[in-house]
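*Asks:* According to my numbering, the sequence shown is numbered sequentially starting from 7.
Where a beta carbon is used, it is the ideal one built from N, C-alpha and C, also for glycine.
These numbers come from a predicted model, not from an experiment.
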Amino acid sequence: MAAVLLTALISTLVTGCSGKGDKVSYDTPAARPKGASVKQPTEAERKARELTQLPTGPQAQWAKETDVDGGTTISVTTLVGRKSGFTGQVWVWVPRQYFDPKYSQSGFPVMISLPGGKGFPKPYWTETGLGLQTGIHKWSHEGRSQPFIVVMPVLNPSKVYYQDGSDIPEQAKMGTWLSEDVPQLVKENFRTFKSRDGWGWMGSSSGGFAALKFVLQKPDQFKAVIASGPDTRPDSPLWKHYEEEKAANNPEKLAAALIEKGGPEVYLAFQVGTLEPTVMPNIKNFIKNYGRGPIKTNLQVIKDGQHDAKSYIRGMGEGTMEWYSQWFQAPIATP
7 MAAVLLTALI
17 STLVTGCSGK
27 GDKVSYDTPA
37 ARPKGASVKQ
47 PTEAERKARE
57 LTQLPTGPQA
67 QWAKETDVDG
77 GTTISVTTLV
87 GRKSGFTGQV
97 WVWVPRQYFD
107 PKYSQSGFPV
117 MISLPGGKGF
127 PKPYWTETGL
137 GLQTGIHKWS
147 HEGRSQPFIV
157 VMPVLNPSKV
167 YYQDGSDIPE
177 QAKMGTWLSE
187 DVPQLVKENF
197 RTFKSRDGWG
207 WMGSSSGGFA
217 ALKFVLQKPD
227 QFKAVIASGP
237 DTRPDSPLWK
247 HYEEEKAANN
257 PEKLAAALIE
267 KGGPEVYLAF
277 QVGTLEPTVM
287 PNIKNFIKNY
297 GRGPIKTNLQ
307 VIKDGQHDAK
317 SYIRGMGEGT
327 MEWYSQWFQA
337 PIATP
């Protein structure tokens, strides 16, 4: 009966979801009722209020992209980056638990997910056949994953060049758009957590490089990353003549600086398939050289895994997601 009621509630809250392009609303019952209550808040309610960042607005215009098994939806909006000046599309998947009344006062952890390749005009993580969203749905109900809000922005401004998820001079400010404008969009539209305990990254190949870089570059904002088959040095041809800026976006140099500084601690979950012989040595060297002090690492070796998204999703289910999830604040039930 509870499952039936929750499905009905999701249908009510996620409105207009009969077809692709229909308007989607993530409005939920007010998490903070107006007016004083004679009832003293419970310990769980106090904790939820202390840790949760309620949506600040303005609300974005979300349109349905596709349905996902489990009664959820992937939707998309166009984000005009106030800090970067770049305009691009962002897709989002919200877990079923987000709509459960017992979590209505709580934030949810966020996992910004970046694809490999150019990641334009659409990130492949939106393809439901890969199983990212259904995997998180399943694992979270089994206690092996947090019920992450999955945010899937474009990685590059076009199909022409890969920009290393960075602000390369004379190019679109993709580093600012991804690490500042996209999180701001999420804060405006969803219940999140105030601290970095609710913010992480995931990426594969070129997206794994960018995701790894953001955690090392901004450890006060982001706590952990799943980096699958990533490079560990910037390699965009657009860096030519900009060596200083390139160095500021080099995960190896960022890791060394974080070790020297002594923190804050970050958690790096690497994934490599056994059929990726050119990637494995580089990742093992990175872990050997920088996996110390505040940098905590985990390596998931995926048997018969290739350099592709399906292999990496399999690795997540085989242990990576559980290791990664332990570092994040879980939603707080206030029944």
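Taking its Cβ as the centre, do 16 or more other Cβ atoms sit within 10 Å of G41, making it buried, or is it exposed?
*Replies:* The predicted model places G41 with a pLDDT of 49, which falls under 50 and marks its position as unreliable, so this point remains unresolved.
*Asks:* Alpha carbon to alpha carbon, how far is R202 from F196? Give it in angstroms, no decimals.
*Replies:* 15 Å
*Asks:* Classify Q332: buried if its beta carbon has 16 or more other beta carbons within 10 angstroms, exposed otherwise.
*Replies:* exposed
*Asks:* Would you mind working out which of L264, A230, E250 sits nearest E328, comparing C-alpha positions?
*Replies:* A230
*Asks:* Measuring only the C-alpha atoms, how far is P47 from E148?
*Replies:* 29 Å
*Asks:* Would S90 and D187 qualify as a contact pair, given that the criterion is a beta-carbon distance under 8 Å?
*Replies:* yes
*Asks:* Are V166 and P127 closer than 8 Å when you measure CB to CB?
*Replies:* no
*Asks:* Would you check if the distance between the CB atom of I301 and the CB atom of A261 is smaller than 8 Å?
*Replies:* At the C-beta level, I301 and A261 come within 8 Å of one another.
*Asks:* Is DSSP giving W333 helix, strand or coil here?
*Replies:* coil
*Asks:* Quick check on DSSP: helix, strand or coil for I142?
*Replies:* helix
*Asks:* So, at 6 Å on beta carbons, what are the nonlocal neighbours of N304 in its own chain, with the 5 sequence-adjacent residues on each side left out?
*Replies:* Correct list, in chain order: A275, W329.
*Asks:* Please look up how many angstroms separate the CB atoms of A336 and Q152, rounded, as I've assumed it's under 8 Å.
*Replies:* 6 Å
*Asks:* Could you please give the first and the last residue of the uninterrupted beta strand (DSSP E) stretch that includes Y273?
*Replies:* 272-279
*Asks:* Could you give the DSSP three-state label for L57: helix, strand or coil?
*Replies:* helix
*Asks:* Scan the segment 145-232 and note each continuous beta strand (DSSP E) run of 3 residues or more that stays entirely inside, going in chain order.
*Replies:* 155-159, 205-210
*Asks:* Whose C-alpha, out of L184, S211, T134, A216, is nearest the C-alpha of M286?
*Replies:* S211
*Asks:* What is the DSSP secondary structure of M322, counted as helix, strand or coil?
*Replies:* M322 falls in the helix class under three-state DSSP.
*Asks:* When you compare the CB positions of A69 and V96, do they come within less than 8 Å of one another, or not?
*Replies:* no
*Asks:* Can we say the segment 220-230 touches the segment 127-137, given the rule of at least three CB pairs closer than 8 Å?
*Replies:* no
*Asks:* Evaluate G214 with the Cβ neighbour count: other Cβ atoms within 10 Å of its Cβ, from every protein chain shown; 16 or more gives buried, anything less gives exposed.
*Replies:* buried
*Asks:* Does DSSP put T306 in a helix, a strand or coil?
*Replies:* Reading off the sequence shown, one finds Gln at residue 306, where the question assumed Thr. DSSP places Q306 in strand when its eight states are reduced to three.
*Asks:* Find the nearest neighbour of I232 within the set A315, Q111, G135, R102, judged by alpha-carbon distance.
*Replies:* A315
*Asks:* Going along the chain, which residues of its own chain have a beta-carbon closer than 8 Å to the beta-carbon of R320, five neighbours each way excluded?
*Replies:* I308, G311
*Asks:* Compare the C-alpha of P64 against each of L85, E49, E56 and name the closest.
*Replies:* Taking each of L85, E49, E56 in turn and checking the Cα distance to P64, the smallest one comes out for L85.
*Asks:* Can you tell me whether S317 is helix, strand or coil according to DSSP?
*Replies:* helix
*Asks:* Buried or exposed: G75, going by 16 or more other Cβ atoms within 10 Å of its Cβ?
*Replies:* Reading off the sequence shown, one finds Asp at residue 75, where the question assumed Gly. Looking at its Cβ environment, which holds fewer than 16 other Cβ atoms inside 10 Å, D75 is exposed.
*Asks:* Measuring alpha carbon to alpha carbon, tell me which residue in W207, P189, I338 is nearest P61.
*Replies:* Ranked by Cα distance from P61, the first of W207, P189, I338 is P189.
*Asks:* Grouping DSSP H, G and I as helix and E and B as strand, with all else coil, what is E71?
*Replies:* Look at E71 here: in three-state DSSP terms it is strand.
*Asks:* Grouping DSSP H, G and I as helix and E and B as strand, with all else coil, what is A42?
*Replies:* Because the pLDDT of A42 is 45, which lies under 50, any placement of that residue in the model is unreliable, and the number read from its coordinates should be weighed accordingly. Coil, per DSSP.
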